[in-house]
Structures are given as structure tokens and as C-alpha cells.
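Novice:
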Amino acid sequence: MSKGPSAFGFVGCPLRSPADQGGAAHSHGARREVVVNGTRVRTVDIHAHCAVPAAMAVLGMEVGNGALLMEDLETRLTAMDAQGLDMAALSINPYWYGAGRDAAAELIRIQNEKLFEIRETTPDRFTAFATIALQHPELAAEQIDYAVKAQGFRGVSVGGSVEGLELSDPKFNPVWAKCEEYNLLVFLHPTGTNELEPSGRLSGSGLLTNTIGNPLETTIALSHLIFEGTLDRYPGLKICAAHGGGYLGSYANRSDAVCRTFPNRVGPLPKKKPTAYLSDGQLYFDTIVFTPEALRHLVAETGPDRIMIGTDYPFPWTNTEVELVMDTPGLSDDDRIAILGGTAAKLLGLDD
1 MSKGPSAFGF
11 VGCPLRSPAD
21 QGGAAHSHGA
31 RREVVVNGTR
41 VRTVDIHAHC
51 AVPAAMAVLG
61 MEVGNGALLM
71 EDLETRLTAM
81 DAQGLDMAAL
91 SINPYWYGAG
101 RDAAAELIRI
111 QNEKLFEIRE
121 TTPDRFTAFA
131 TIALQHPELA
141 AEQIDYAVKA
151 QGFRGVSVGG
161 SVEGLELSDP
171 KFNPVWAKCE
181 EYNLLVFLHP
191 TGTNELEPSG
201 RLSGSGLLTN
211 TIGNPLETTI
221 ALSHLIFEGT
231 LDRYPGLKIC
241 AAHGGGYLGS
251 YANRSDAVCR
261 TFPNRVGPLP
271 KKKPTAYLSD
281 GQLYFDTIVF
291 TPEALRHLVA
301 ETGPDRIMIG
311 TDYPFPWTNT
321 EVELVMDTPG
331 LSDDDRIAIL
341 GGTAAKLLGL
351 DD
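Here the sequence shown stands for residues 1 to 352, where the numbers follow the working numbering.
Here you go:
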């Protein structure tokens with residue numbers, strides 16, 4: 001099979017970014033089709049944000065970015081069509097981890113009902129990750145039961161930590177048990193490195209709380225899940241980490257090395273080499289790593305069937321993820337098809 005970008009093509013009008021479209025709502029044109037070596041490929045964006053104002057209002061909050069709203073689907077669909085994206089898996093960044101049980105129950109109900117409605121009315125364009133009140137694990141487990149049995153969700157979204165607690169804290173074991181039981185995909189998106197901000201280390205220029213802080217929190221969260229035994233305890237747990245999994249894929253071999261260098265200081269050793277968790281079907285990653293060489297390296301560490309395209313919409317980090325996949329060296333046609341949407345379709349049951 002061809003391994004170069006010449007095997008890929010778009011069918012349709014020229015690429016346009018949301019900025020080129022002026023940010024206004026208009027009737028979206030023909031959907032850009034992605035073709036790999038003569039095969040039409042269904043593309044799935046695993047990392048697409050949205051917000052539900054009625055849910056935020058429960059905590060007296062408002063949506064700060066209008067592009068997160070789903071009332072104007074035309075603008076979002078226009079952007080998706082221009083980028084060659086057939087589907088988007090919607091998720092909501094957790095802003096509610098400090099909420100009490102009753103408020104959390106109400107806002108999660110509102111959010112999941114809205115996400116369910118979007119899935120049902122536009123099933124060919126949108127799927128979604130259910131939201132859960134992770135700070136109340138027993139409630140979260142009940143919410144997972146309902147989201148799966150009554151609403152048909154195939155995944156849930158979580159933050160990188162919960163009010164200072166790591167995801168590996170035993171408090172959250174009932175949640176991971178439910179996710180494993182239902183074979184759900186967990187989408188992990190960082191909520192920030194709040195514990196570092198009082199020190200001032202991330203202050204100053206560069207928006208370091210986001211630039212460094214977001215991938216750092218993801219790296220910390222995944223490392224704890226490995227070293228504290230959570231992934232061993234729940235071998236069927238599947239997690240997709242945003243932003244290429246932070247720094248873990250770039251420096252994962254140091255985690256192997258520490259087990260050899262300081263075995264008595266690591267704590268109970270995980271059942272496998274830490275790097276093995278990157279490729280054994282428990283950890284998955286999106287493509288937001290910005291360059292073909294960075295994506296090539298991530299694929300080398302994880303395998304191509306562990307990667308899914310993500311855009312971080314509506315935040316303009318990138319609108320060329322399809323091209324990034326096509327420009328990455330060393331990928332076969334089958335690799336590209338898996339990354340562009342095949343793996344996401346399997347994990348989220350899009351063909352079931």
C-alpha cells in the first residue's frame with residue numbers, strides 16, 4: 001500500500017477555516033469527503049467541546065464562548081464539512097466537580113439529556129460522551145447506569161483530577177468498575193494544574209497554565225493510573241487522553257527506567273512495563289500534537305490503532321488534523337483509515 005500523502009484526497013470545495021467564514025451561521029455546503037487510496041473514509045473527531053447553558057445556570061455560571069453552544073448547528077457543521085469531518089464526539093469540560101450532590105445531579109441530568117437529544121436528532125454527525133458527577137462516585141456510578149441503559153451512551157468524559165484528588169484514588173474505583181462493566185470509552189481532558197498556580201511557577205507570559213499545565217496534568221493523571229495499579233485492577237478500562245496524552249508518549253521510557261533504577265522507591269511495581277500500557281488497548285490518544293514528526297513518534301510508541309483524530313473545537317489550535325494524519329510519514333493506508341475514524345467507530349459503537 002502507498003504510505004505517502006499522495007494516496008489521499010479531498011472531494012469538494014477548497015478548505016476554509018471557521019475564521020474564513022466570518023463566524024456567522026450559514027447553510028453548510030457539500031460535505032468534504034476524505035478518500036484514502038480510492039476508499040471513502042468516515043472521519044470522526046474524538047475531541048470536540050460543547051456547553052449546555054441550562055446546566056451551567058444551576059451553578060450560576062454562563063457560557064463564556066458562544067461557539068460552544070449547540071443551538072446553531074449550521075456554523076459547527078460548516079466548520080466540520082470544511083475540515084472533512086463526518087462526525088464529532090461531543091464532550092463537556094467538567095466545571096462542576098466542586099458542586100454538592102443535588103446540584104451535580106441536576107446539572108448532569110440536564111447536560112446528558114441535551115447530549116442525548118443531539119445524538120438522536122443528528123446521528124450521522126454527532127455522538128457524545130456522557131457527563132458524570134465524579135466527585136460523588138456512587139452518584140456517578142448511578143449516572144453511568146442510566147446513561148448507558150436509558151440513553152445508549154458508549155462513553156463518558158472526565159477531568160484529569162477531581163478537587164485535588166487523582167483519578168487513581170480508590171474513592172473512584174466504583175466508577176472505573178462501571179466503565180469496565182459497560183465497555184465504555186473514557187475521554188480524559190485536563191482541568192488544569194491548580195495546585196501549581198499559587199506558587200507562581202506558571203504565571204507570566206505564555207499562558208503556561210494551558211500551554212504546559214494542561215498536558216502536564218494529563219501526564220500526571222495517566223502516570224498515577226499506571227503506577228497506582230488502577231489499570232491493572234480494571235484491565236478492561238479504556239481511556240482516551242486529550243492532547244496526545246500530554247508528555248507521556250514523548251518520555252514514557254523514563255517510566256520503564258525508573259522501575260529498573262529505583263525499584264525499591266517506585267512502590268508496588270505495575271504488572272507490566274509502564275510503556276506497555278500505551279499500546280495494550282487500555283490507553284488511547286488524540287492527534288493534537290501539531291506536527292507530522294510528533295504524530296509519527298506517538299504512533300511509534302503506541303501503535304496506529306491507539307490514535308484518533310481530535311480538533312479541540314471550537315478552540316483554534318488546529319483545523320488541519322486530517323492533513324496532519326495524511327502527512328505523517330510511515331503510515332499505511334489501513335493506519336490512516338484507523339486514525340481518521342475506524343478506531344473511534346469501534347470504540348464508540350458507531351456501527352452497532
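Note that the Cβ used here is the ideal one computed from N, Cα and C, for glycine as well. None of the values given here were measured: they were computed from a predicted structure.
(1) If you draw a straight line from the C-alpha of Gln21 to the C-alpha of Thr302, how long is it?
(2) Taking the CB atoms as reference points, tell me whether Pro190 and Thr218 lie closer together than 8 Å.
(3) Would DSSP call Ala133 helix, strand or coil?
(4) What is the residue span of the alpha helix (DSSP H) that Cys50 lies within?
(5) Looking only at its own chain, which residues have a Cβ that is under 6 Å from the Cβ of Tyr313, when we skip the five neighbours before and after it?
(6) Can you give the beta carbon distance from Tyr234 to Ala177, rounded, assuming they're within the 8 Å contact cut?
(7) Buried or exposed: where does Glu321 fall if 16 or more other Cβ atoms within 10 Å of its Cβ makes it buried?
(8) Which residues in the same chain as His26 place their Cβ atom closer than 8 Å to its Cβ, once the five residues preceding and following it in sequence are excluded?
(9) Verify whether the separation of the beta carbon atoms of Ala104 and Ala133 is less than 8 Å.
(10) Are the beta-carbon atoms belonging to Arg42 and Ala345 less than 8 Å from one another?
(11) Is it right to say Asn264 is buried, meaning 16 or more other beta carbons lie within 10 angstroms of its own, or is it exposed?
(12) In whole angstroms, what is the alpha-carbon distance linking Ile110 and Tyr97?
(13) DSSP beta-bridge partners for Arg40?
(14) Can you look up Leu69 in the DSSP assignment and give me helix, strand or coil?
(15) Bridge partners of Thr127, per DSSP?
(16) Any idea what DSSP makes of Ile307, helix, strand or coil?
(17) Would you be able to state if there are at least three C-beta pairs under 8 Å between the stretch 288-306 and the stretch 241-253?
(18) Any idea if Arg347 is buried or exposed, counting beta-carbon neighbours within 10 angstroms, 16 or more meaning buried?
(19) Is it buried or exposed, Gly342, if we count other Cβ atoms within 10 angstroms and call 16 or more buried?
(20) Using CA coordinates, which residue listed in Asp45, Gly159 and Met56 is at the minimum distance from Asp124?
Specialist: In brief:
(1) Locating residue 21 in the sequence shown gives position 21, counting from the first residue. Locating residue 302 in the sequence shown gives position 302, counting from the first residue. Residue placement at Gln21 is flagged as unreliable, the pLDDT there being 35, under the threshold of 50; the coordinate-derived value follows with that caveat. Answer to the nearest angstrom: the Cα atoms are 36 Å apart.
(2) Position 190 of the sequence shown holds residue 190. Position 218 of the sequence shown holds residue 218. Judged by beta-carbon spacing, Thr218 lies within the 8 Å limit of Pro190, meaning their Cβ atoms are closer than that value.
(3) Counting from 1 along the sequence shown, the entry for residue 133 is found at position 133. Ala133 falls in the coil class under three-state DSSP.
(4) Sequence index remark: in the sequence shown, residue 50 carries index 50 (1-based). Under the DSSP assignment, Cys50 falls outside any alpha helix (DSSP H); it carries neither an H nor an E label.
(5) In the sequence shown, residue 313 corresponds to position 313, counting from 1. So the qualifying residues of the chain are Ala48.
(6) Sequence index remark: in the sequence shown, residue 234 carries index 234 (1-based). Sequence index remark: in the sequence shown, residue 177 carries index 177 (1-based). Between Ala177 and Tyr234 the Cβ distance is about 7 Å, and since that is below 8 Å, they are a contact.
(7) Taking the first residue of the sequence shown as 1, we reach residue 321 at position 321. By the neighbour-count definition (other C-beta atoms within 10 Å, threshold 16), Glu321 is a buried residue.
(8) For the purposes of this step, residue 26 is identified with residue 26 of the sequence shown, where counting begins at 1. The pLDDT assigned to His26 is 37, lower than 50, so where the model puts this residue is not dependable; a value taken from the coordinates is nonetheless given after this. The residues are Glu74, Thr75 and Thr78.
(9) On the sequence shown, position 104 is the one that residue 104 refers to. On the sequence shown, position 133 is the one that residue 133 refers to. Pairing Ala104 with Ala133 gives a Cβ-Cβ distance under 8 Å.
(10) Within the sequence shown, residue 42 is the residue found at index 42, counting from 1. Within the sequence shown, residue 345 is the residue found at index 345, counting from 1. Yes, the Cβ-Cβ distance between Arg42 and Ala345 is below 8 Å.
(11) Sequence index remark: in the sequence shown, residue 264 carries index 264 (1-based). Burial is judged here by how many other beta carbons sit within 10 angstroms of a residue's own beta carbon; Asn264 has fewer than 16 and is exposed.
(12) Here residue 110 corresponds to residue number 110 of the sequence shown, with the count starting at 1. Here residue 97 corresponds to residue number 97 of the sequence shown, with the count starting at 1. The C-alpha of Ile110 lies about 16 Å from the C-alpha of Tyr97.
(13) Here the question's residue 40 lines up with position 40 in the sequence shown. DSSP lists Val35 as the beta-bridge partner residues of Arg40.
(14) Looking up residue 69 in the sequence shown gives position 69. Of the three classes helix, strand and coil, the one that applies to Leu69 here is coil, per DSSP.
(15) In the sequence shown, the residue the question calls residue 127 occupies position 127. DSSP, once it has assigned bridges, lists Ala89 as partnering Thr127.
(16) Your numbering for residue 307 matches position 307 in the sequence shown. It is a strand residue.
(17) Taking 8 Å as the limit for Cβ pairs, the verdict is that the stretch 288-306 does touch the stretch 241-253.
(18) Reading the sequence shown from its first residue, position 347 is the one you call residue 347. Per the sequence presented here, residue 347 reads as Leu, with Arg not at that position. Leu347 is buried by the Cβ-count criterion.
(19) To locate residue 342, count along the sequence shown from 1; it is residue 342. It counts as buried.
(20) Numbered from 1 along the sequence shown, position 124 holds the residue referred to as residue 124. The shortest C-alpha separation from Asp124 is found at Asp45.
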